[in-house]
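S.K.: Residue numbers for the sequence shown follow the numbering used here, beginning at 6 and rising by one.
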Amino acid sequence: MVTKMPLLICVGVFLISGVAPASQWKDQAEAEKKLVWYTTIGSVDAKMLVDEFRRRYPKIAAEYFRTGGPQLVERIFTEARAGKHLWDVFMNSAIYTHLLNERGMLAVYESPESRFYRDGYKDPRGTWTSIYTNYAVAGYNTKLVAKDEVPKSYSDLLKPIWSGQIGMDAKSYEWFAVVVRGLGEEKGLSLMRQLAKNKVQLRNGRELVAQLVAAGEFKLALTAYSQNYETLRLGGAPVDWVALNPVYANIHPVALSAKAPNPNAGKLFIDFLLSKAGQEILRAQKRIPDRIDTPPEIPRLTAGIKPAFGSPEMYGEYNRYIKLFQETLAAN
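Listed below in structure tokens is the structure:
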């Protein structure tokens, strides 16, 4: 027999859990009158999201500050040392989110929208949820690689035909760590050493790596993202891609500041980013939304993908993986 809980008790449990109706945040957010978002997303895209939020909540003066990942974290640390707490919401890649989380700078806030996000795309402790993800794949030049040569696993890339023909971003530290751990430390490091012997070509930037594949500078590249190749392919470039397991998933978490000057406006903005409406804006920006009911415009970008994520344990050893990457791949 199922018993019904009294309404007042239900409401109490709902609020204690930290998940409150968006309408409550709306009233309190409008009383705060302001929102500040620190982000790494492109300025044009950030403006599009903030403008839609302003349209929905015109009483809140929403603004954003955008810069690169390391610079954004350094700005936050500098402000904190000066006793300044200027931002409400933060969005960056996983490693920088981890750095803030470890220092107690992120609040626990489980948005009502977080139920639409799978495990791995949200923190079990409730401090962040990812709004979009980039997936690192093996992209190849279709004029230079025959169909029967397309790799099915990382080990296929150790064949002599790939010698000097594999490109890679020169600072793919997270990809390196995720793949090594995903394959098992011993097997993973052995693979990386053999790739180095196969004369992997390092270049600066994932987009550049994908463009060089299209130009035929090398037959194939690792670490660039699937949408890099899709953009080139749709433009007529002779490229395609295949996902090799483990597939590094570069998530982009959004989180509330533990010392947010406008915490309710921050919660309301996070709810908006995680909502279907917010995710549809990200999809229109050619990104891969993380919400389960908002697939990307190109279905194959997520079809059959088995994402592999960084973990707190991995980030705890991050400097070791950077050193291993440099010793194994960058030194050759």
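Quick reminder that beta carbons are idealized off the backbone N, C-alpha and C, glycines included.
Looking only at its own chain, which residues have a Cβ that is under 6 angstroms from the Cβ of P26, when we skip the five neighbours before and after it?
M.R.: Residue placement at P26 cannot be trusted, given a pLDDT of 46 that sits under 50; the coordinates are not used to answer.
S.K.: Counting pairs of Cβ atoms below 8 angstroms between the stretch 221-230 and the stretch 70-87, do you hit three or more?
M.R.: Because the criterion of three Cβ pairs below 8 angstroms is not met, the stretch 221-230 and the stretch 70-87 do not touch.
S.K.: Taking 8 angstroms as the limit between beta carbons, can you name the residues of its chain near A219, skipping five residues before and five after?
M.R.: The residues are N146, L237, A242, P243, V244.
S.K.: Just the Cα atoms here: how many angstroms apart are V41 and F70?
M.R.: C-alpha separation (whole angstroms): 8 angstroms.
S.K.: On the CB-based measure, 16 or more other CB atoms within 10 Å of its CB, does Q76 come out buried or exposed?
M.R.: So Q76 counts as exposed.
S.K.: Below 8 angstroms, can you find three or more Cβ-Cβ pairs linking the stretch 155-173 to the stretch 299-312?
M.R.: In short, these stretches do not touch, since the Cβ pair count stays below three.
S.K.: Roughly how far, in whole angstroms, is the beta-carbon of I171 from the beta-carbon of V142, given that I think they are within contact range, below 8 angstroms?
M.R.: Incorrect: roughly 13 angstroms between the Cβ atoms, too far for contact.
S.K.: Can you tell me where the alpha helix (DSSP H) with E191 in it begins and where it stops?
M.R.: Unbroken alpha helix (DSSP H) run through E191: 190-202.
S.K.: Quick check on the burial criterion: 16 or more other C-beta atoms within 10 angstroms. Buried or exposed for P294?
M.R.: Buried: at least 16 other Cβ atoms inside 10 Å.
S.K.: Roughly how far, in whole angstroms, is the beta-carbon of L105 from the beta-carbon of F95, given that I think they are within contact range, below 8 angstroms?
M.R.: Contact holds; Cβ gap of about 7 angstroms.
S.K.: With distances taken Cα to Cα, identify the nearest neighbour of V214 among K202, G193, A175.
M.R.: The shortest C-alpha separation from V214 is found at A175.
S.K.: In its own chain, which residues sit with a C-beta less than 7 angstroms from the C-beta of N324, not counting the 5 before and 5 after it?
M.R.: If we look at N324 and ignore the five residues flanking it on each side, it has no Cβ neighbours.
S.K.: Tell me where the beta strand (DSSP E) around K39 begins and ends.
M.R.: Where K39 is concerned, the enclosing beta strand (DSSP E) stretches over 39-44.
S.K.: Excluding the five sequence neighbours on either side, which residues of its own chain have a C-beta within less than 8 angstroms of the C-beta of A335, listed in chain order?
M.R.: Answer for A335: A175, L207, listed in chain order.
S.K.: Taking C-alpha atoms, which residue in L273, R59, S262, K311 lies nearest to G187?
M.R.: Residue K311 is the option with its Cα nearest to G187.
S.K.: Taking DSSP as the reference, what is the three-state secondary structure of F314?
M.R.: F314 falls in the coil class under three-state DSSP.
S.K.: Measuring alpha carbon to alpha carbon, tell me which of K192, T102, A248 ends up nearest K127.
M.R.: Of the candidates K192, T102, A248, the one whose C-alpha sits nearest the C-alpha of K127 is T102.
S.K.: First and last residue of the beta strand (DSSP E) that includes T134?
M.R.: Residues 134-140.
S.K.: So, with DSSP's three-state summary, where would you put Q290?
M.R.: Reduced to three states, the DSSP call for Q290 is coil.
S.K.: Take D124 as the anchor and find which of G321, G315, D153, I327 has the nearest alpha-carbon.
M.R.: Per the Cα distances, G315.
S.K.: Could you check what DSSP says for S158 in three-state terms: helix, strand or coil?
M.R.: Reduced to three states, the DSSP call for S158 is coil.
S.K.: On the DSSP letters alone, give me the boundaries of the beta strand (DSSP E) that P258 sits inside.
M.R.: From DSSP, the beta strand (DSSP E) with P258 extends over 252-261.
S.K.: Using a Cβ-Cβ cut-off of 6 angstroms (strictly less than) and excluding sequence neighbours within five positions of A265, which residues of its own chain qualify?
M.R.: Closer than 6 angstroms at the Cβ level, and outside the excluded window around A265, lie D93, G271.
S.K.: Among residues of its own chain, excluding the 5 on either side of T297, which ones have a beta-carbon nearer than 6 angstroms to its beta-carbon?
M.R.: Looking at the sequence itself, residue 297 is Ile, so the reference to Thr does not match. Answer for I297: F121, listed in chain order.
S.K.: Could you tell me which whole alpha helix (DSSP H) segments of length 4 or greater appear in the stretch 200-253?
M.R.: If we require 4 residues or more, the alpha helix (DSSP H) runs fully inside the stretch 200-253 come out as 211-220, 231-239.
S.K.: Kindly indicate the opening and closing residues of the beta strand (DSSP E) around M173.
M.R.: Per DSSP, M173 belongs to the beta strand (DSSP E) from 171-174.
S.K.: Alpha carbon to alpha carbon, how far is L2 from M173?
M.R.: One cannot answer for residue 2 here, as it falls past the ends of the chain, which runs 6 to 337.
S.K.: Determine whether the beta carbon atoms of N255 and Q33 lie at a separation below 8 angstroms.
M.R.: Cβ distance not < 8 angstroms, so N255 and Q33 don't count as in contact.
S.K.: What number of angstroms, rounded off, separates the C-alpha of G144 from the C-alpha of Y326?
M.R.: Computed Cα separation, rounded: 24 angstroms.
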